[in-house]
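*Asks:* Okay, handing you the structure first.
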Amino acid sequence: MAVTSFYLLTDSHYVSKKNWVEGKPITFRERSDQIALKATPEILDTFIDKIIADSETDTVLFTGDNVNNCDMNSHYEFRERLERLVNAGKKVYVIYATHDYSGSGEDNNWFSGCRYTETGTEPVESMEKGGLYEFYCDYGPKQALSVHRESGSYSVKLGDRVRLIAIVDNGDGGGYCGLFEDGVEWLKNEIKAAENDGDYVLLATHHPVLPPWEIYRHVADHEMYGGYRELWKIMCENGVRVIFTGHTHIQNIRKYTDDYGNWFVDVSTVALANSAGKMRKVTVDAESGSCNVISIGIDKLNGLDTGGLSAYEYLYPLNFPGIWEKLIPLAASDYDEFLDLAEGYLPDDKLRKYKALVKLASKKAIKMKMSTVAKLGKSWRAMSPTQKQQLKSIKLTDTVFEILRHIFTGNAPFTPDTVEYKALDGLIARADRLVERFNIKQVKKIIPEGSSLREIAQDFLYNSRTGNDDEIQISLK
93 MAVTSFYLLT DSHYVSKKNW VEGKPITFRE RSDQIALKAT PEILDTFIDK IIADSETDTV
153 LFTGDNVNNC DMNSHYEFRE RLERLVNAGK KVYVIYATHD YSGSGEDNNW FSGCRYTETG
213 TEPVESMEKG GLYEFYCDYG PKQALSVHRE SGSYSVKLGD RVRLIAIVDN GDGGGYCGLF
273 EDGVEWLKNE IKAAENDGDY VLLATHHPVL PPWEIYRHVA DHEMYGGYRE LWKIMCENGV
333 RVIFTGHTHI QNIRKYTDDY GNWFVDVSTV ALANSAGKMR KVTVDAESGS CNVISIGIDK
393 LNGLDTGGLS AYEYLYPLNF PGIWEKLIPL AASDYDEFLD LAEGYLPDDK LRKYKALVKL
453 ASKKAIKMKM STVAKLGKSW RAMSPTQKQQ LKSIKLTDTV FEILRHIFTG NAPFTPDTVE
513 YKALDGLIAR ADRLVERFNI KQVKKIIPEG SSLREIAQDF LYNSRTGNDD EIQISLK
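What the sequence shown shows, in the working numbering, is residues 93 to 569, in sequence order.
Right under this line is the structure:
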């Protein structure tokens, strides 16, 4: 067949129910990680049910951080899910990453397996980095055309003229997550071998090759794929058009073009354990040389009593935007409940010390309308009467929460023709001028060279990259 399709899932962060009991330790970990850790078995099972129900697609790819805390209980249960897919007739390929193994003390990976008790944590058996290859050998390396044994990277044939090169970084787990020199040479050779065989190349790895936002690379360069600039060059020089990544937990599609017009696309997928978790379905037509990517979510959580709520409604309060939607109103109305919800997430001592200031700021924020924002940003005068009326009816907090809801899900909500965009853009442009006028170094140091607060903000206001973070059609020719 000329058409090959597969499902792609990332950052499932699976946590075995053997590894926690209800209490503050697991709740605080869930809040700090900003993902629905307790529900990860049900989330993964629901997506697997959906995949098995699709009789036309027989291939599944997981791209790392498969478990959350490298413990063996979670690894064994995760592998049981892989076997369920295999028994349903699916071919399964796995990449692993930093959450999947314990730090050795000689690297920058700090994860270690633990069980969350009512009062703290206790150690449990962990997966060592050296054990991952054998543990997951049946899901990629055993079917591979070629394996880079040191890292565990491998190359497999997915279908007619379609080759997947799965890059498993063998860096130090923190400061550098990429391939070392011999791994890079192996990658180059595999791309050449695919070209010689007339195959289109799809790359996949865990860490991002392009940042979801420019400021991400500036403040978290160590979270990028190690040697990403070298990989840009390799992909552009060899006509590799797409790489699938995860790690950021952000639904994001971004295109890179070099000085010679060569380009590729980084398709990053939101964490499965996010409240709006999705998987990608990728379809490659070898005859036309097209790669079509769509996104698929879930409506209900199988095996979990959600009280009639959808999966998103049930899980949303556990994620970053959902927590803040609760925190700000509570800070203004019920400070004790606010402190209870913020515990383990925000510094309790400072919240108590600055109680009056936090309450005042929250009350002011809740009352503020977008018309005030427009006036502060000097864009009010340029607004039409209709636009001014709109801004008077929109709360600042509602606008901010709408932006936060799209942090992980992609497709930021406010295009340049909306009143929200015009008001915020004017305010941020004014902030840029004030930063320059008063030489505010604390702000300047977070702004990438040659950029501005305004350019940074645009990434969060609307999708100026590809227009849609959920789907894209890529020419592989």
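Backbone N, C-alpha and C define an ideal beta-carbon position, used for all residues, glycine too.
In this structure, what does DSSP give as the bridge partners for residue 355?
*Replies:* Counting from 1 along the sequence shown, the entry for residue 355 is found at position 263. Its beta-bridge partners are 349.
*Asks:* Could you please give the first and the last residue of the uninterrupted beta strand (DSSP E) stretch that includes residue 382?
*Replies:* One-based indexing of the sequence shown puts residue 382 at position 290. Its beta strand (DSSP E) spans residues 382-388.
*Asks:* Which ranges does the alpha helix (DSSP H) cover as unbroken runs of at least 4 residues, wholly within the stretch 112-181, from first to last along the chain?
*Replies:* 116-125, 132-145, 164-179
*Asks:* Skipping 5 residues on each side, what residues in its chain have a beta carbon closer than 8 Å to that of residue 309?
*Replies:* Along the sequence shown, one-based indexing puts residue 309 at 217. Hits under 8 Å: 303, 316, 540.
*Asks:* In terms of alpha-carbon separation, which member of 215, 414, 439, 447 lies closest to residue 426?
*Replies:* As a first step, residue 426 must be located in the sequence shown, where it is residue number 334. Nearest option by C-alpha distance: 447.
*Asks:* Could you pull out every residue in the same chain whose Cβ sits closer than 7 Å to the Cβ of residue 135, ignoring the five residues on either side in sequence?
*Replies:* What you label residue 135 is simply residue 43 of the sequence shown in a count that begins at 1. Excluding five sequence positions before and after residue 135, the CB atoms of its chain that fall closer than 7 Å to its own CB belong to 128, 364, 365, 369, 393, given in chain order.
*Asks:* Between residue 218 and residue 269, how many whole angstroms is the CB-CB distance? I'm expecting something under 8 Å.
*Replies:* The residue you call residue 218 lines up with position 126 of the sequence shown. The residue you call residue 269 lines up with position 177 of the sequence shown. Going by Cβ atoms, the distance from residue 218 to residue 269 rounds to 19 Å, so no, they are not a contact pair.
*Asks:* Kindly provide the ranges of any beta strand (DSSP E) runs that are 3 or more residues long and lie completely inside the stretch 176-248, ordered along the chain.
*Replies:* Given a length threshold of 3 residues, each whole run of the beta strand (DSSP E) inside the stretch 176-248 is given here in chain order: 183-187, 206-208, 213-215, 238-240.
*Asks:* Within 10 angstroms of its Cβ, does residue 241 collect 16 or more other Cβ (buried), or is it exposed?
*Replies:* The residue labelled residue 241 in the question sits at position 149 within the sequence shown. Taking all protein chains shown into account, residue 241 has fewer than 16 neighbouring C-beta atoms within 10 Å of its C-beta and is therefore exposed.
*Asks:* Using the beta-carbon count (16 or more within 10 Å), is residue 497 buried or exposed?
*Replies:* As a working mapping, residue 497 is identified with position 405 in the sequence shown. With 16 or more other Cβ atoms within 10 Å, it is buried.
*Asks:* Put residue 427 into one of helix, strand or coil per three-state DSSP.
*Replies:* Translated into the one-based positions of the sequence shown, residue 427 becomes position 335. Taken through DSSP and simplified to helix, strand or coil, residue 427 comes out as helix.
*Asks:* By Cβ distance, which residues of its chain are closer than 7 Å to residue 491, with the 5 residues on each side in sequence left out?
*Replies:* Along the sequence shown, one-based indexing puts residue 491 at 399. For residue 491, where only same-chain residues beyond five positions count, the Cβ hits under 7 Å are 462, 512.
*Asks:* In the structure shown, what three-state DSSP assignment does residue 344 receive?
*Replies:* Walking along the sequence shown from the start, residue 344 turns up at place 252. Note: residue 344 maps to strand in three-state DSSP.
*Asks:* Roughly how many angstroms lie between the CA atoms of residue 340 and residue 559, to the nearest whole one?
*Replies:* The sequence position of residue 340 within the sequence shown is 248, counting from 1. The sequence position of residue 559 within the sequence shown is 467, counting from 1. If you take the alpha carbons of residue 340 and residue 559, they lie about 19 Å apart.
*Asks:* In whole angstroms, give me the CA-to-CA distance for residue 102 and residue 139.
*Replies:* Sequence index remark: in the sequence shown, residue 102 carries index 10 (1-based). Sequence index remark: in the sequence shown, residue 139 carries index 47 (1-based). Roughly 12 Å between the two C-alpha positions.
*Asks:* Quick one: Cα of residue 565 to Cα of residue 356, how far?
*Replies:* Start at 1 with the first residue of the sequence shown, and residue 565 comes out as number 473. Start at 1 with the first residue of the sequence shown, and residue 356 comes out as number 264. So the two alpha carbons sit approximately 12 Å from each other.
*Asks:* Label residue 499 either buried or exposed according to how many other C-beta atoms from any shown protein chain fall within 10 Å of its C-beta, with 16 as the threshold for buried.
*Replies:* In the sequence shown, counting from the first residue as 1, residue 499 sits at position 407. So residue 499 ends up on the buried side.
*Asks:* Judging by CA-CA distance, which residue of 493, 452, 212, 470 is the nearest neighbour of residue 552?
*Replies:* Within the sequence shown, numbered from 1, the residue matching residue 552 stands at position 460. Ranking 493, 452, 212, 470 by Cα distance to residue 552 puts 493 first.
*Asks:* May I ask you to list the residues that DSSP assigns as paired with residue 377?
*Replies:* Residue 377 sits at position 285 when you count from the first residue of the sequence shown. Residue 377 pairs with 95, 382.
*Asks:* Any contact of the stretch 370-382 with the stretch 291-302, i.e. 3+ C-beta pairs under 8 Å?
*Replies:* yes
*Asks:* In whole angstroms, what is the alpha-carbon distance linking residue 488 and residue 561?
*Replies:* Here residue 488 refers to the residue found at position 396 of the sequence shown. Here residue 561 refers to the residue found at position 469 of the sequence shown. Going from the Cα of residue 488 to the Cα of residue 561 covers about 25 Å.
*Asks:* Would you kindly report the start and end of the unbroken alpha helix (DSSP H) that includes residue 296?
*Replies:* Taking the sequence shown and counting its residues from 1, one reaches residue 296 at position 204. Element bounds for residue 296: not the alpha helix (DSSP H) but the beta strand (DSSP E), 292-296.
*Asks:* Residue 474 to residue 111, Cα distance in whole Å?
*Replies:* For this step, residue 474 is matched to residue 382 along the sequence shown. For this step, residue 111 is matched to residue 19 along the sequence shown. Taking the straight line from one Cα to the other gives about 58 Å.
*Asks:* DSSP puts residue 269 in a beta bridge; with which residues?
*Replies:* Here residue 269 corresponds to residue number 177 of the sequence shown, with the count starting at 1. In the DSSP output, where bridge partners are listed per residue, residue 269 has 317.
*Asks:* Roughly how many angstroms lie between the CA atoms of residue 132 and residue 152, to the nearest whole one?
*Replies:* What you label residue 132 is simply residue 40 of the sequence shown in a count that begins at 1. What you label residue 152 is simply residue 60 of the sequence shown in a count that begins at 1. When rounded, the distance between both Cα atoms is 18 Å.
*Asks:* Checking 8 Å against the spacing of the C-beta atoms, do residue 200 and residue 267 come in under that value?
*Replies:* Position 108 of the sequence shown, counted from the first residue, corresponds to residue 200. Position 175 of the sequence shown, counted from the first residue, corresponds to residue 267. Going by C-beta atoms, residue 200 is nearer than 8 Å to residue 267.
*Asks:* Spatial neighbours of residue 420 within its chain, please: CB distance less than 8 Å, with the 5 preceding and 5 following residues excluded, ordered by chain position.
*Replies:* Reading the sequence shown from its first residue, position 328 is the one you call residue 420. Residues of the same chain with a CB within less than 8 Å of the CB of residue 420, apart from the 5 flanking positions on each side, are 454, 457, 458, 489 in chain order.
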